[in-house]
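Protein chains in written order, with the working numbering: chain A, 1364 to 1796; chain B, 11 to 275.
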């Protein structure tokens, strides 16, 4: 009666082994295809990253050096008198000394004089002033100074200005090139590491502009953000995860926290503008307000990370402690929280790294102001790294192009560092169960 | 002399430590324990046996109110420890659990040093007045847990670094360190190899001198080896509760007989 035994003419039913063999080829092909798609996706991601970083490096690397001019400055008592300090014609004293190094320059010609003055950065006269104010005995003496040159000459020195361009289209004139080459021949031009990029605050003059104000501003903002978001975030997460009754209300809160993590950052900026600055009257452009705003954004991330970390602590540990007669609070604070700490810290650092790169909310509370000194407290006006990048990217001077890229590289450096710390913490303290 | 001691022991055997009357447990809509009545004697090993899901672990967890930690779990009925209702409002579960220790299925030492594992309970309950006091308690507990000789030279090493059997004995030592009156064991040997199991069983027999031990086990051989009293649970009912010898040689209920002969379960 069975089909298989009396099968003359009737096609034999294939065995399951044959069916599996037939389907195997297709399955293997699909697997291969999936693998290739994955490899392709990773390759595209890497290429994009490579293009991004290499373009940043190729433009940004120029900002890490700065052309300097070393020369003898005669502090002319006619231009600088002790009585008038801190005022004085420091720029004239500098120009006169510089003019002597240049062949065939008539310093009595106003246009020429202005041209010679233009070689030096605007900051040079202030540097000289500060020296003389600190030590008035320098008046009448000759001192050696090393000062940054103006942005255009910096560009020329770095080969970013094409000497073949017709003179009227070029930002340095022919005679200026002759002067510069003469100075270079005398060995007065050097190109050391641009320390000013990290020790100066912002400036109108690219050769003087630095990131100190932005770094300090970001530091204050992140500190404020951490001090507020970390305890609040952990506190809410512990309550929600360990103590809150599971009901409609706690579900509602959970959904809202998850939604909060997805709210666009510009909205938080507007909120901060209305509440912190409008209502509470906190100062504009202050890193403290920036930190508060970033804390609003970071808190959901910390809450979610903390809850995940608390959930990951195996129930057996809780049971062990409960079984010994530990109270709920002892279980949480003596066992669960220490075990969840690496996960919590990792989540927090990633949240802070996100906050470090956040621009939009800071723009709205005015942290994109032009401020030429670093904030000494979180309540002073300041910029932050991302907003400084925004300001520089908006500036027309050539020198800011490379500085923008350099600032981005610095920001990326900090982000990579923070993520590396997060990975390190996870690797070091994570426990396998 | 010998006879007198025997009489003394028999009297002790009949001391009832825990009395459970009409205990019902519901997990949400599931009726997990149905009208269980049982008397657990002092200084005796009582085994709970039965097929998976029969409610023996659930009932065990009623005895130190571990089910309180499960939101959907509801316990009704009366459980008395030395005549005191443990579900009474005046009883703090924290205090109860210091009196009724528990050892779990999977060895679960804290990821701390061996010393701190043992010292944790005495510390939170304030049992030690000084460091030397605590050292003594730790040593005594580790000796009772029959693990002192293996770990005495590495008390500062993490408890999680021990072998499975050692971890379980560490957990038992940790449970006895708080000087409980009753020790609940929820399948303490199911994650252990036969040698470690034999060591733990030997230990249980030792512990019987000082404690009332309640052990849940899947293994009928184990129940027969270590216990004096056995309770057979089936589908949430306590089917039969008697001396272990009686249960295994002369079961009164047909379900018990089917289970111990391997027909169900």
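A virtual CB, placed ideally from N, CA and C, is assigned to each residue, including glycine. Computed from a predicted structure; not experimentally measured.
CB contact below 7 Å: residue i versus chain A
i, result
"residue 50(B)", "no"
"residue 28(B)", "no"
"residue 118(B)", "yes"
"residue 206(B)", "no"
"residue 112(B)", "yes"
"residue 108(B)", "yes"
"residue 224(B)", "no"
"residue 104(B)", "yes"
"residue 248(B)", "no"
Short Cβ contact (7 Å threshold) for residue i with residue j
i, j, result
"residue 1511(A)", "residue 1650(A)", "no"
"residue 243(B)", "residue 64(B)", "yes"
"residue 125(B)", "residue 161(B)", "no"
"residue 178(B)", "residue 223(B)", "no"
"residue 1560(A)", "residue 1636(A)", "no"
"residue 230(B)", "residue 270(B)", "yes"
"residue 240(B)", "residue 254(B)", "yes"
"residue 151(B)", "residue 144(B)", "no"
"residue 1581(A)", "residue 1735(A)", "no"
"residue 185(B)", "residue 111(B)", "yes"
"residue 1756(A)", "residue 118(B)", "no"
"residue 249(B)", "residue 66(B)", "no"
"residue 87(B)", "residue 159(B)", "no"
"residue 122(B)", "residue 246(B)", "no"
"residue 1653(A)", "residue 1732(A)", "no"
"residue 1462(A)", "residue 1513(A)", "no"
"residue 29(B)", "residue 49(B)", "yes"
"residue 1718(A)", "residue 1663(A)", "no"
Short CB-CB distance (under 7 Å) between residue i and chain B
i, result
"residue 1688(A)", "yes"
"residue 1790(A)", "no"
"residue 1847(A)", "There is no way to answer for residue 1847(A), as the model of chain A reaches only from 1364 to 1796."
"residue 1417(A)", "no"
"residue 1366(A)", "For residue 1366(A), the predicted structure reports a pLDDT of 48, less than 50, and the residue's modelled location is therefore unreliable. A value from the coordinates is still provided. Not an interface residue."
Through-space distance from residue j to residue i, alpha-carbon basis
i, j, result
"residue 1723(A)", "residue 1729(A)", "10 Å"
"residue 1436(A)", "residue 1532(A)", "33 Å"
"residue 204(B)", "residue 157(B)", "17 Å"
"residue 1784(A)", "residue 1483(A)", "43 Å"
"residue 169(B)", "residue 127(B)", "7 Å"
"residue 266(B)", "residue 120(B)", "38 Å"
"residue 16(B)", "residue 218(B)", "Its pLDDT being 45, under 50, residue 16(B) is placed unreliably in this model, and the value from its coordinates should be taken loosely. Going from the Cα of residue 16(B) to the Cα of residue 218(B) covers about 16 Å."
"residue 276(B)", "residue 116(B)", "As shown, chain B starts at 11 and ends at 275. That puts residue 276(B) outside it, with no answer to give."
"residue 1486(A)", "residue 1616(A)", "56 Å"
"residue 1474(A)", "residue 1460(A)", "17 Å"
"residue 1442(A)", "residue 1453(A)", "7 Å"
"residue 1385(A)", "residue 1413(A)", "43 Å"
"residue 1667(A)", "residue 1621(A)", "8 Å"
"residue 21(B)", "residue 27(B)", "Below a pLDDT of 50, predicted positions are generally treated as unreliable, and residue 21(B), at 42, falls in that range; no measurement from the model is reported."
"residue 1427(A)", "residue 1706(A)", "37 Å"
"residue 1593(A)", "residue 1665(A)", "7 Å"
"residue 1547(A)", "residue 1466(A)", "13 Å"
"residue 1451(A)", "residue 1708(A)", "55 Å"
"residue 1393(A)", "residue 1607(A)", "47 Å"
"residue 1574(A)", "residue 1690(A)", "51 Å"
"residue 1739(A)", "residue 1579(A)", "8 Å"
"residue 1419(A)", "residue 1766(A)", "10 Å"
"residue 1629(A)", "residue 1397(A)", "38 Å"
"residue 1490(A)", "residue 1552(A)", "18 Å"
"residue 1569(A)", "residue 1762(A)", "5 Å"
"residue 1782(A)", "residue 1773(A)", "14 Å"
Strand pairing of residue i, partner residues [DSSP]
i, result
"residue 192(B)", "110(B), 222(B)"
"residue 1435(A)", "1507(A)"
"residue 48(B)", "30(B)"
"residue 240(B)", "57(B), 252(B)"
"residue 94(B)", "91(B)"
"residue 40(B)", "37(B)"
"residue 84(B)", "36(B)"
Taking beta-carbon pairs under 9 Å, can you tell me which members of the stretch 1696 to 1722 of chain A lie near chain B? 1697, 1698, 1701, 1702
Contact set between the stretch 1664 to 1688 of chain A and chain B, restricted to residues whose Cβ is under 7 Å from the partner: 1679, 1680, 1682, 1683, 1685, 1686, 1687, 1688
Which residues, in chain order, does the stretch 1585 to 1613 of chain A contribute to contact with chain B at a C-beta distance below 9 Å? 1608, 1609
Contact list for the stretch 72 to 83 of chain B against chain A, Cβ threshold 8 Å: 74, 76, 79, 81
Would you list, in chain order, the members of the stretch 119 to 141 of chain B that have their beta-carbon closer than 8 Å to a beta-carbon of chain A? 119, 120, 121, 130, 131, 134, 135
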